[in-house]
Structure formats: C-alpha cells, structure tokens
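If you count the sequence shown from 1, position 88 lands on 119 in the working numbering, and the numbers rise without skipping.
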Amino acid sequence: DLDIGQRKYANKFFNFVLAILLFVCLGIIWDVSVKGLSIYFASIFTIVGVALFANWSILSNITSAIIMFFNSPYKIGTKIQIMDKDDSVTGTVMDITLFSIQIQTAEGDIVSYPNNIAIQKPIKQLK
C-alpha cells in the first residue's frame with residue numbers, strides 16, 4: 032500500500048529498469064560486442080563517478096531522497112514547516128524528487144528545498 036509519492040518513485044524506478052532491459056534486448060538483436068560495451072560503460076561510469084565525487088551534494092541529495100522514501104516522515108500533501116533559523120519554510124509538500132522537496136507556500140510560491148538539508152533540519156508537521 033504505497034502513497035502517491037512512493038508510487039511516483041516506484042514508477043520512475045520501473046521505467047528505468049524497463050529502459051535498461053530494452054537496451055539489453057536491442058544489443059542482443061543487433062549483436063553488439065560485449066567487450067566494446069564494457070569499455071564504453073566503464074568509461075561512462077568513471078566519468079560519472081568523478082563528477083559525483085567532485086560534487087558530493089548531488090550524491091547526498093540522492094541518498095537523502097532514498098532515506099526519506101523508506102522512512103517517509105512526510106508525504107505529498109502534508110503541511111510542514113522546515114525550521115532553519117532565518118530561512119524557515121512553511122507550506123504544503125507538492126513533490127519529493129531525487130534532489131529536492133517542492134513546497135508550496137501560503138502565498139502560492141513554490142520553494143525547492145534540497146533533500147540533504149531537509150533531512151538535517153527539524154521538520155514540524157502542521158495540522
């Protein structure tokens with residue numbers, strides 16, 4: 032029994048898996064060399080690894096999103112207040128992505144709050 036946010040994550044995950052399976056099937060149909068692909072993917076993973084290491088906040092946002100998915104302290108539609116000294120945000124959770132939480136304020140503004148910061152700050156659920 033998943034809520035809307037978890038269904039979105041699950042849908043994105045299954046779409047990703049289906050895309051990978053499609054590429055594997057096309058590779059088999061087109062008789063693509065496994066050795067050539069392994070060199071290509073090793074190069075891509077090396078570049079992505081260096082990029083993620085160079086910018087740790089991307090990796091920490093993704094890790095925080097995974098933690099929030101399984102822990103689910105709040106869901107889409109929940110009214111929250113993120114208490115962050117001078118930068119407190121109060122509003123309704125509109126979406127939770129891999130990198131940020133989208134919060135709509137009472138004024139109608141959409142605030143994008145990074146997951147890695149949101150997981151470190153106290154969050155008050157409002158009624």
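Yeah, the Cβ is synthetic: ideal placement off N, Cα and C, and Gly gets one too.
Which listed residue (the options) has its alpha carbon closest to that of residue i
i    : options            : result
E138 : I35, D126 and T121 : T121
I35  : L68, T109 and I60  : T109
Integer Cβ distance of residue i from residue j, believed to fall under 8 Å
i    : j    : result
F130 : N92  : 5 Å
N147 : S103 : With a Cβ gap of about 17 Å, N147 and S103 do not count as contacting.
Q133 : S143 : 6 Å
A149 : I98  : Not confirmed; about 10 Å, so no contact.
Assigned secondary structure, residue i (DSSP; H/G/I helix, E/B strand, else coil)
i    : result
Q151 : coil
G36  : helix
I107 : coil
T123 : strand
S69  : helix
S64  : coil
Sequence-distant residues of its chain with Cβ nearer than 6 Å to residue i (five each side left out)
i    : result
I107 : I35, G36 and V124
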